[in-house]
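Student: I'd like to ask some things about the structure below.
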Amino acid sequence: MKDTVLAVESPTSVPRWRSLLFVPAHVSRFVGTAHERGADGVILDLEDSVPQDEKAESRRQLPESVAKVGRKGASVLVRVNRGLRALAADLDAAVVAGVDALVLPKTNSAEWVSEIANAVLELERERNLVQGRIRFLAQIETPAALQKLAAIASAHPRMLAMALGPEDFSASVG
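Residues in the sequence shown are numbered consecutively from 146, following this note's numbering.
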């Protein structure tokens, strides 16, 4: 395989996600049974569903959680935090073997996607992981981001999908 980011050129490079199950990464009983739910993808959430005082332990447990939720073949996604310090810690924990995609909350620009892509590439290189394997699902959560959908979608070859984040979007429009 080349040392470049995978391009979305064939149906085999694009997962078929008919259902995505959000699992709070700090709730071990949910992590332990997520593989039994039949979802095409499991999103281990490090963001809103995890209390601040449990985030560090959730990150520490992430490699084991990834293995548990993916053991029956579901895609494994990790939703990271938006703030720079939390994002850096999340990327450090989430760029591991077995993670198929990162869910990027509050995505508001193509530049943001590119910056995260660069950080992920550095971590993949440092860890001898397949470069470009980890893809992105961007959450659109503000009206301003709606104006930039085309730019966000084409920001980087890692971009695989976008989804509306309904709660934060609703809060942002009042």
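Note that the Cβ used here is the ideal one computed from N, Cα and C, for glycine as well.
For Asp185, collect the residues of the same chain with a Cβ closer than 8 Å to its Cβ; drop the 5 residues on either side in sequence, then sort them by chain order.
Tutor: Counting only Cβ-Cβ distances below 8 Å, and skipping sequence neighbours, we find Pro160, Arg161, Trp162, Arg163, Ser164, Leu165, Ala219, Ser220.
Student: For Ser254, which option in Ile285, Ala308, Ala179 has the closest C-alpha, if you only look at C-alpha atoms?
Tutor: Of the candidates Ile285, Ala308, Ala179, the one whose C-alpha sits nearest the C-alpha of Ser254 is Ile285.
Student: Quick check: Lys88 and Arg230, are their CB atoms within less than 7 Å of each other?
Tutor: In the structure displayed, the chain extends from 146 to 319; residue 88 sits before or after that span and is not available.
Student: Checking 7 Å against the spacing of the C-beta atoms, do Asp190 and Phe167 come in under that value?
Tutor: Yes, Cβ-Cβ distance for Asp190 and Phe167 is below 7 Å.
Student: Are the CB atoms of Ser259 and Ala308 within a distance shorter than 7 Å?
Tutor: Not a contact, by the Cβ cut-off of 7 Å.
Student: Can you list, in chain order, the residues of its chain with a C-beta nearer than 7 Å to that of Val318? Leave out the 5 residues immediately preceding and following it.
Tutor: So the list reads Pro288, once near-sequence residues are dropped.
Student: Would Asp235 be called buried (16 or more neighbouring beta carbons within 10 Å of its own) or exposed?
Tutor: Flag for Asp235 reads buried.
Student: Measuring alpha carbon to alpha carbon, tell me which of Ala295, Lys200, Leu291 ends up nearest Phe314.
Tutor: Nearest of Ala295, Lys200, Leu291 to Phe314, Cα basis: Leu291.
Student: Excluding the 5 residues flanking Lys200 on each side, which residues of the same chain have their C-beta closer than 6 Å to its C-beta?
Tutor: Excluding positions up to five away in sequence, the list is empty.
Student: Any idea which residues DSSP pairs Ile285 with across the strands?
Tutor: For Ile285, which the question treats as bridged, DSSP gives the partners Leu309.
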